[in-house]
Amino acid sequence: MLSAKKLFFTISLIFLVACEDRDYQDCNGIINGGAYYDDCGICVGGRTGLTECIVDCNGQLGGTAYLNQCELCVEGNTNITQDSCSNLNLNSYSYKTVIIGQQVWLAEDLKTDQFRNGSTIPDYNSEVFDSSGSKFVMDSEDYENRRFYYSAKALNQLAPIGWRIPTKLDVKSLINELGG
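If you use the working numbering, the sequence shown corresponds to residues 80 to 259, in order.
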């Protein structure tokens with residue numbers, strides 16, 4: 080019976096030693112560190128200084144795409160440059176836009192014959208002394224090449240909702256952003 084007790088004691092001791100908590104080394108090589116491998120297979124957390132990878136706006140795990148000022152998902156694997164914006168659609172015409180600094184600009188001249196409220200901008204009439212609030216159009220065979228000129232009074236009512244005619248400060252900021 081004594082040898083059975085010795086055997087039981089020896090096995091119990093081996094079992095206890097085998098199950099004791101031991102120091103471990105994390106993926107960053109730190110004993111008892113808190114680093115771990117994230118879903119991208121990168122050692123993060125603990126003392127690595129790295130954070131876990133996330134899904135970017137393009138749906139890519141660990142991707143680098145982000146939302147620009149126009150709330151458009153750009154860069155990364157989107158094939159869209161950071162200075163892109165979605166186009167402005169106005170009166171059945173799609174205007175290209177561009178980001179310069181922190182401002183979003185139309186990349187082309189506004190070509191509209193309607194005020195923002197939908198009413199038609201009257202044509203310029205040289206016989207009328209005050210033709211304010213009017214437009215003058217130099218026609219071309221195709222719509223793309225038509226040139227629109229607006230009176231100062233018409234300008235205040237032209238910009239689509241959410242947009243505005245650039246102020247002097249806007250233009251100054253643009254010039255500074257482009258190098259003076």
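Where a beta carbon is used, it is the ideal one built from N, C-alpha and C, also for glycine. Keep in mind that this is a model prediction, so the values were computed, not measured.
Rounded C-alpha distance that separates residue i from residue j
i	j	result
A231	A186	21 Å
T157	E256	26 Å
L189	T130	45 Å
Y229	G180	27 Å
K107	G120	Inspection of the sequence shows that residue 107 is occupied by Asn rather than by Lys. Going from the Cα of N107 to the Cα of G120 covers about 13 Å.
I110	I133	27 Å
P245	T176	14 Å
R225	Y172	13 Å
D117	L146	24 Å
Q193	C122	58 Å
First and last residue of the uninterrupted beta strand (DSSP E) at residue i
i	result
N168	167 to 169
A114	114 to 116
L185	182 to 185
V177	176 to 179
Element boundaries [alpha helix (DSSP H), containing residue i]
i	result
V250	247 to 256
G129	For the sequence presented, residue 129 should be read as Leu rather than Gly. Premise fails: L129 is in no alpha helix (DSSP H) and is neither H nor E.
A233	231 to 234
Strand pairing of residue i, partner residues [DSSP]
i	result
C122	Y116
Y203	According to DSSP, Y203 bridges with nothing at all.
Q193	T199
C152	L146
Q139	BP columns for Q139 are empty, so no partner.
I244	None, per the DSSP bridge assignment.
I109	Per DSSP, none; premise fails for I109.
Y172	L169
CB of residue i within 8 Å of CB of residue j, strictly
i	j	result
G141	R126	no
Q148	I178	yes
T199	L237	no
I159	L151	yes
G155	N137	yes
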